[in-house]
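Protein chains in written order, with the numbering used here: chain A, 599 to 896; chain B, 322 to 448; chain C, -2 to 204.
Don't be surprised by glycine CBs; every beta carbon is placed ideally from N, CA and C.
What follows is a short report on a single structure.
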Amino acid sequence: MEDVVVLDQVSKSYKGFKLDRVSFALQKGFIHGLIGRNGAGKTTTIKLMMDLVRPDEGSIRIFGLDNRRHGREIRERIGFVYADNPFYDDLTVENMKRVVARFYKNWDEGAFQRYRKQFDLPANKKIKHLSKGMKMKFSIALALSHHADLLLMDEPTSGLDPVARREILDLLTGVIQDENKTVLFSTHITSDLEQVADTITLIHDGKIRFSLPKDEVEEKYVLVKGGTDLLDPDTRRPFVGIRETPVGFEGLSDKPEEVRALFGDRAIYDKPTLEDIMVYTIKFAEGLGEFGHEEHPV
Amino acid sequence: MNILISNSSKEPIYEQIKRQIKESILRGELNEGDPLPSIRQLAKDLHISVITTKRAYDDLEHEGFLVTVVGKGTFVAGQNREFLREKRLRWIEEKLAEVVAESKALGVTLPELIEMLKLLHEDPPNG
Amino acid sequence: MRSILYKEFMVERTMILIYAAAVVLFSLRVVPIFFPLALSVCLAAFFMFTSMVHEDMNNTHVLINSLPVDRKTVVTAKYVFYLAVGVGFIALDILLEAAAGARLPDIARQSGLALLGFAWFVSVFFPVYIWHGSRFVQIAVVTLFVMGAMAIPIVHHLREKTGLWGIPDAVASLPDAPLYGLAAAATGLVLIASWFLSVRLYERKQF
């Protein structure tokens, strides 16, 4: 199983933000989820892959090629979707498509028309008159219409209603039926990833907190609920974070056996959602490992 | 074949898939040589990760229930008579173990249990 | 390169038409103007600004540079495009003026100057645009314009006083061909140098 994208010790500093020696790889044939808060580094990571932004140190290889020296070749095979959909607003959908299509050797007009019809995109409407959701669908249609081997999508479902989001997710799993295609899906809507992602990478404050197959992430954690009387300095230790209320506590632990041994059947053990894992991990990383309901209602 | 996944079950999803496929085979719903959906198609249909379906199929292949033919797909493995019977016996044992554990928890004695067995054995199967 | 040129065309075609219409009006002296050629060059320059602003709006640089194209090609195509528009406006003006009866040698000389002038303009402002963005260029040009306007009476005054030390007459007495040859060569060099600089600057840009 080869790696389609390899980031090796990549660092990037901006004013007030630093991507710090980030390393991870994306295996071919899967949908990789990238989660994190706004401003955590998701967009920067994607921009680094697209050579829009240069790393201060480290290397980036895509399809086995250095992404700086072979940028053009690489981008021929990448379909991209950005959260803000930068288009020429005065162009119509049809004309913008014509402009983009000319850049790709493998442009598939048939495929684009199929998506256009499926998404109900009006060909002759100016882009500035499209809703955010429509612009997003347009971006997605463009990205899927040139036989790209890698799809880089930065918040592709933001601005879409749940029905549209499902449509897009279904499209992506359809794309992945071809095991030579790979998708990177960055989002903060974790429920989308719950359905389609094969791996989850959590990025926070410029650092990767974990990068694992989704199943492993879910099996690694347990959400514990119990009476506050169960908590003491010892029992708090196996928790990533605890939320205490007057009617009990809820905590996320990455040591499921230990907590079960500690609490037995005096507590409830649930499978945490990706959102739970993300929120607790981030709050812990921000030094807010324990938060009462008065300060931070979750 | 139907595969139904519960997200709220304690049983890991790949185990649920394995169990249901095994049961289908043991019950004879799936026969030797029957094709199974590809891991990717299954993942898409069940809205789960490809890695999960792959894990289930890999395990089942290891255990002798499935066989993958490169370029063709995954199929129910040929079972010889003995093998299948052994598998089914093992299944019965597992179920009996569950029953025994449950009875003990409830305080049902062995004679009571045997009595129940006798009655069930004599009863005609429900129509 | 063709894909970028196509892009420029599609994005700017309405603007080009509008500006071309203005060129027509000026060159036919529908709007009474002294040096329509100079004005055509100015229009070409203004067109360049509008186009730069278009590009900066909405951050379309992100879109273009995400496509399979390298930075050098993006810059080169822009040079080609702006120069082509400049040449186009100048040619349009010449044709119309000639049709309206202007003298060929006069127009020939003026158009030569106009071309060189425009080429210098592009050479100077394109790298500035890449470095600091369209806003900066607008301010710079307006400032220069104002300064130029203020300079005219000063130069005029100087001319009265000192005859500009005979320099303009000396230059005018030089033989035409080599002078123009030299000017063209110099402009060519400046244009190439500008292109080099722009490519370097754009390749280093981050979006």
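- Residue contact with chain B for A/Asp813: present (Cβ-Cβ distance below 9 Å to some residue of chain B).
- If you draw a straight line from the Cα of C/Lys202 to the Cα of A/Phe622, it comes to about 25 Å.
- By the Cβ-count criterion, C/Arg68 is buried, with 16 or more other Cβ atoms from all chains shown falling within 10 Å of its own Cβ.
- Look at A/Leu800 here: in three-state DSSP terms it is strand.
- For A/Arg700, there are no CB contacts under 7 Å within the same chain when 5 residues up- and downstream are skipped.
- If you draw a straight line from the Cα of A/Arg666 to the Cα of A/Met648, it comes to about 9 Å.
- According to the DSSP assignment, C/Met12 belongs to the alpha helix (DSSP H) that extends over -1 to 24.
- Residue environment for B/Met437: exposed (fewer than 16 other C-beta atoms within 10 angstroms of its C-beta).
- Rounded to the nearest whole angstrom, the CA to CA distance from A/Lys715 to A/Glu817 is 41 Å.
- The continuous alpha helix (DSSP H) containing C/Pro175 extends over residues 173 to 201.
- Its chain contains Val620, Ser621, Phe622, Thr799, Leu800 as the residues whose beta carbon lies nearer than 8 Å to that of A/Ile806, once the 5 sequence neighbours on both sides are disregarded; these appear in chain order.
- The straight-line gap separating the alpha-carbon atoms of B/Pro432 and B/Leu440 is approximately 12 Å.
- Ranking C/Ser191, C/Met49, C/Val8, C/Val125 by CA distance to the CA of A/Tyr686 puts C/Val8 first.
- Between A/Pro754 and A/Phe783, the C-beta gap is smaller than 9 Å, which places the two residues in contact.
- In the three-state reduction of the DSSP assignment, A/Asp832 falls in the helix class.
- At a beta-carbon threshold of 9 Å, the residues of chain B lying near A/Phe628 are Ser370, Val371, Ile372, ordered along the chain.
- Here C/Ala41 is near C/Val82, since their CB atoms are less than 9 Å apart.
- Of all C-beta pairs linking the segment 739 to 748 of chain A to the segment 707 to 723 of chain A, three or more are shorter than 8 Å, placing the two stretches in contact.
- Considering only A/Pro854, A/Phe847, A/Phe717, A/Asp747, the residue with the shortest C-alpha distance to A/Asp759 is A/Phe717.
- Every alpha helix (DSSP H) of 4 residues or more that sits fully in the segment 717 to 804 of chain A is shown, in chain order, as 730 to 741, 760 to 773, 788 to 794.
- Contact of A/Phe685 with chain C by beta-carbon distance below 9 Å involves Asn55, Thr57, Leu60.
- Exposed is the label assigned to A/Pro720, since fewer than 16 other Cβ atoms lie within 10 Å of its Cβ.
- The alpha-carbon separation between C/Glu52 and A/Asp768 amounts to approximately 35 Å.
- Contact between the segment 626 to 639 of chain A and the segment 788 to 795 of chain A is established, with three or more Cβ pairs separated by less than 8 Å.
- Cβ contact annotation for A/Ser611 (same chain, cutoff 7 Å, sequence separation greater than five): Asp654, in chain order.
- DSSP places A/Ala623 within a strand segment (E or B) once states are collapsed to three.
- In the assembly as shown, C/Leu92 is an exposed residue. Its beta-carbon has fewer than 16 other beta-carbons within 10 Å.
- With a threshold of 9 Å between beta carbons, B/Ser424 makes no contact with chain A.
- One finds Tyr686, Val697, Val698, Arg700, Phe701 in chain A with Cβ atoms closer than 9 Å to the Cβ of C/Lys4, taken in chain order.
- Under DSSP, A/Phe837 shares a beta bridge with A/Ser851.
- From the beta-carbon of A/Gly669, the residues of chain C found nearer than 7 Å are Asp67.
- Segment contact: the segment 870 to 880 of chain A against the segment 334 to 344 of chain B, fewer than three CB-CB distances shorter than 8 Å; contact not assigned.
- Secondary structure at A/Arg659: strand, using DSSP grouped into helix, strand and coil.
- Note on A/Asn704: under 16 other CB atoms within 10 angstroms of its CB, so exposed under the neighbour-count rule.
- Bounds of the alpha helix (DSSP H) holding A/Thr642 are 640 to 647.
- Contact check for B/Thr373 against A/Lys812 passes: the beta carbons are separated by less than 9 Å.
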